[in-house]
Every structure is written in structure tokens, then in C-alpha cells.
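One structure is given here, and the rest of the page talks about it.
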Amino acid sequence: MPAKTTKKTSTSNAKEKITKTKIDFGKKILFASSEAVPFIKTGGLADVAGALPKALVDGGVDCRVILPLYADIKQELKDKMSYIGNVYVNLAWRYQYCGLFKAEIDGVTYYLIDNEYYFKRSGLYGYYDDGERFAFFAKAVLASIKLMGDFKPDIIHSNDWQTALIPVFLDVFFRGDDLYKEIKTVFTIHNIEFQGRYSGFMSGDVLGLPDWAREYVDFDGDVNYMKGGIERANKVTTVSQTYAQEILNSYFGFGMNNILVNRQFKLSGIINGIDVEANDPKTDKYAYQNYDLATFELKAENKLALQKDLSLPVDKNIPMIGMVGRLTHQKGLDLLSPIITKILDMGVQLVILGTGDYRYEEMLRGCQSRYPNNLRALITFSSELASKIYCASDMFLMPSKFEPCGLSQMIAMRYGSLPIVRETGGLKDTVIPYDYTTGKGTGFTFYSYNAHDLFNAVERAVGLYRDYKEDWQKIVNNAMTQDFSWRNIALRYVDLYKEL
Ligand code: ADP
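Take the numbering used here: the last position of the sequence shown gets the number 751, and nothing is skipped along the way.
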């Protein structure tokens, strides 16, 4: 029987009240990101850039977002923008146009940097001149502050390598101007694997850095944007406490570990939240059948419908394991590959949605042809399919090799799909391993980067699902009542901003 929620309703009312109270913080924040929901998204960074500023604004903090004006942004959003003005930006010997547009969506002000040479292309990344494109963006963010009228940011919060040069450019080129004198900077690392590393000649020829400043970005003779952010920002954060510790170690640090060890005094970890309104099985527009904890039995309708749509055997008793994410080594595909057939031999249905490395896509396609009743590999990007999988699955697989934070496991818990995860980074900080002696826990975990340990965790989950329905329901209750909302997390960022 699904748990009743009388008690929970009063708790959520209490939470509701808390969320309405204003945050006591009068400083202005400019949040710079290369992608942000609702404008454009390729990964978790866009979710964070959409949700954190929104949570701050809801709390009464003046936080605004700035991102490039990509060609791929939907016309209906472009229609909401208005032109503010333009400046020209020097990038070494280049002299580039920088237009500034503004749009207000759902209470949040977004600024968009316009330069058709750099951003009127399809997609966001992957061009030969990405280094130049995002060096331009970083400088354009700073230059465009002059066009923002009353909004004079006290803090610029930049994110990942694409905006990591902002603290460097601020110190080297802008400090002399009164408008910029007092600005503080925060740099958040969402994934340390991607650092913006380019040939050393770019230091002068693209970034235009004087000799004395080149050491900020110099990394073994190359230019490394992320290093610049770490060196010059007043605070460096990453997206979970565990990952903040892990990246001090060479296994996780991708070469940045020693630099971070030196800068540990300003490094901290703050876990991400999820947009609990956009990710709610009760209102999800793509669900075949909406449900919540009180009506949990309706979740099974989603499984039956998805099985039908995917031409899998239709039976609500077959355990369904979902997986949504990039098909890369980060997401643990090398652990899954050697044991995937063993998992499928257990008679479960595994539905995987994602795109990524060709070798993994091919592995999954090959496996699907051998296990047509057990595996669906949906090699595409689709928010609709993602929702349907979260709604339909009983378990959610995320055996990441490393995971700065991870959003998918939190979404899965909210949808009552119990995560099976490796204890690393944000997965360790958000999934509580199920302990049958206490009944506590929100999912199933394993520690070593080892395929057999992953298999063992899947076996434990499937065994419990099949044979111990009451215990299963208890874990579902635990998972679905976790608070992953941004509100509390926004308060932790405010504490960090206050330290500045
Ligand atoms: P990442 O390392 O890619 O940022 P996260 O777990 O932090 O991983 O965030 C991934 C987000 O993107 C989640 O909201 C997930 O549902 C979504 N996502 C990933 N791959 C796909 C896909 N193929 N189709 C739809 N949504 C996807």
C-alpha cells in the first residue's frame, strides 16, 4: 500500500512558508554562464544557471544571468528580448562588436551578448575557435556592465571554463575603472574534466595578456582557462562537498589538483538542487499518467505505457531500470559494458536514453539486437523521453566514474525511481545507501570502480524489488520526500557571497 501523506502535507506547508520569506542580502550578482535554462541547454550547467538565480530572485536577491545569444535559441524567447546597446571589445589585436539584449522571464532578468561572428552558428561548442569565442564572451560580460544602467554588480559568479577568464580579465584590464574596483568574483567548477586548454600562443594573440599576467593561465606551456579562474577568483566552489575533496587528488583532478591544493583556502563544495517544479511527477506534462506519493500505484501506468511504446513485453511486474545521461566514460559506461548481459539475463528491462561516444552507442545497439525483450537503447536527446523514463522506471542506474554533482539521480528519486549509484562526488552526497536493519536509505550504492560491485548493487536492488515490496515502498517514501529544492541551496550561496 502506498504511504499516506497527511503528515507530509503539513510539513510541506511549513516549507512553503519558509520559501516565501525574503533572504537578507542586498548585494547584486551577475551570474555568467555559457548556457542557461530556459534559453539553451546541453547539460546540467544550464539547469543550475536557470534554477539558482531564480531561487535567489524569489528570495528577493537581485541576481541576473548573462549568456551568449546563440542562433539556436528559440525564436519565441528571442521575441522577448529588447536591445540595450553595444560596446566594442578588444581581444588582443581584434576589435569586436558586442551587442547587449535583455529579457525578463519568470521574474529573472537575462542579458544576452550578441556577436554574430562568434555565436550565430548551430550548436554551442565544438568549433575550432571555441577558445577565442569564450574568451570574447568573458571579456564581453565585463565590458557590457557599462551598458547595464542601474545594475552595478557587486559579485560576478562565473561557471566552468567558458567563463573562467572573467576574474582574470577583471584583474588585468578593468580594475582601474571605478565601476569595477570593488567587484568580487566566485568561480564554480561544474566539471573539472573540461578546462579550456589551448596552445600557449593564445595568451598573447587571443587573450592579449601582458607578460606579467600570463602566469595566471599558463599551464605546462599551454593556456588553461580554468586555471585562470581558480587563481584569480575570490572564492572557488564546486557542486558537491565530496567532489570538492576529490578534485584535490590526481585521480579526479585532471591536472588541476596541485593548483587546487594551493588554493584550498578558498575552495568549498555546495551541492546543486533541482527545479522541483519542472521535475514533478504530479505535473510533468510528458508523463503518461501523473502521480505523487499518495497515488504512487498510478506510477505503474507509466511503465505499461512505455513498455508498449517501446515494443517491450508489457507486464508491470518486470523490474524496469532507467538510465538517462551522456554516454561517456564519466557516466560509468566502462563498468556497465562488461556486465550488461548479466543484468539483462536477470529478466529486467533496461531503458537507456543518451548520446555520447560512438563505441558505447554501438555496444548498446549490438546488445539490444541480442536482447530485444530486455534492452532499449534510445540514442537521442529528448526531454520528453527522459520524463517518460523517470516516470516509468523502478530503478535508475548511474554508476559514474566521477560525478561532480549529478542531477539525474535527484530527479529519479523525486519520481520514485530508486537510484543505483557509485559512491562518488554528488552521488555520494545525495543518495543514502539503503540499510535493511534501520529501513533508512534512498537508493543502492557501491564504492569501488568495479563492474562486479556494480552488478552486486543491481542484484540487491532487483532482489528487494521482487521479494520485499513493503521494504521497497519504504525506500520509495524516503526518496520521494527528500528536499532537493534550490531554496535551501541558494541560502548556502548567500552565506558564501557574504564571506566576500
Ligand atoms: P551532466 O554531467 O551531463 O551535467 P547531470 O546529471 O548533472 O549530468 O545532468 C544531466 C541533465 O540532462 C539531467 O536533467 C538529465 O535528465 C538530462 N539529460 C541527459 N541526457 C539526456 C538525454 N539524452 N535526453 C534528455 N535529457 C537528458
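We put the CB at the ideal spot given by N, CA and C, even for glycine.
Relative to the ligand ADP, the beta carbon of residue 319 is positioned no closer than 8 Å to any heavy atom. In the three-state reduction of the DSSP assignment, residue 355 falls in the strand class, which pools E and B. Its Cα nearest to that of residue 477, the residue 448 stands out among 649, 448, 463.
The criterion of a C-beta distance shorter than 9 Å is satisfied by residue 593 and residue 706.
Here DSSP, grouped into helix, strand and coil, assigns residue 319 to strand.
Using a 10 angstroms sphere on the CB of residue 621, the tally of other CB atoms stays under 16, which defines it as exposed. The Cβ atoms of residue 567 and residue 651 do not sit closer than 9 Å to each other. Look at residue 659: its beta carbon is less than 8 Å from one of the heavy atoms in the ligand ADP.
By a beta-carbon distance limit of 8 Å, residue 387 does not contact residue 415. Their separation comes to about 14 Å.
A heavy atom of the ligand ADP is found nearer than 8 Å to the CB of residue 442.
With contact defined as three or more Cβ pairs closer than 8 Å, the region 727 to 734 and the region 659 to 673 are in contact. Scanning its chain for C-beta atoms nearer than 6 Å, with the 5 sequence neighbours on each side dropped, one finds around residue 564 the residues 624, in chain order. In this structure residue 675 is buried. Its beta-carbon is surrounded by 16 or more other beta-carbon atoms within 10 angstroms. When the five nearest sequence neighbours on each side are left out, the beta carbons in the same chain lying within less than 6 Å of the beta carbon of residue 350 are those of 337, 365, in order along the chain. Per DSSP, the unbroken beta strand (DSSP E) holding residue 408 starts and ends at 406 to 410. Non-local beta-carbon contacts of residue 342 in its own chain, meaning distances under 8 Å to residues more than five positions away in sequence, involve 383, 386, 387, 390, 457, 458, 459 in chain order.
In this structure, residue 298 has its beta carbon less than 8 Å from a heavy atom of the ligand ADP. Taken through DSSP and simplified to helix, strand or coil, residue 337 comes out as strand.
Here residue 433 is exposed: its Cβ has fewer than 16 other Cβ atoms, across all protein chains shown, within 10 Å.
Taking the C-beta atoms as reference points, residue 543 is found no nearer than 9 Å to residue 559. Proximity of the beta carbon of residue 612 to the ligand ADP is not indicated: no heavy atom of the ligand is located closer than 8 Å.
Residue 340 sits away from residue 297, with the two beta carbons spaced by 9 Å or more. Between the region 739 to 748 and the region 505 to 523 there are three or more inter-stretch CB-CB distances shorter than 8 Å, so the stretches are counted as touching. Contact check for residue 605 against residue 632 passes: the beta carbons are separated by less than 9 Å. In this structure, the ligand ADP has no non-hydrogen atom nearer than 8 Å to the beta-carbon of residue 501. Residue 727 and residue 669 have their alpha carbons spaced roughly 7 Å apart.
Uninterrupted alpha helix (DSSP H) stretches at least 4 residues long and entirely within the region 625 to 676 occur at 634 to 643, 659 to 665, given in chain order.
In the three-state reduction of the DSSP assignment, residue 395 falls in the helix class, which pools H, G and I. Counting C-beta pairs closer than 8 Å gives fewer than three between the region 286 to 295 and the region 392 to 408, which falls short of the contact rule. Going by beta carbons, residue 470 and residue 506 fall inside the 9 Å limit. Under the three-state reduction of DSSP output, residue 291 falls in the strand class. Using a Cβ distance threshold of 9 Å, residue 369 and residue 316 do not count as a contacting pair. Distance from the C-beta of residue 581 to the nearest heavy atom of the ligand ADP is below 8 Å.
Shortest Cα-Cα distance from residue 724 to any of 275, 413, 550 involves 550.
Residue 554 sits in a helix when the DSSP states are folded into three classes. In the structure shown, the three-state DSSP call for residue 579 is coil.
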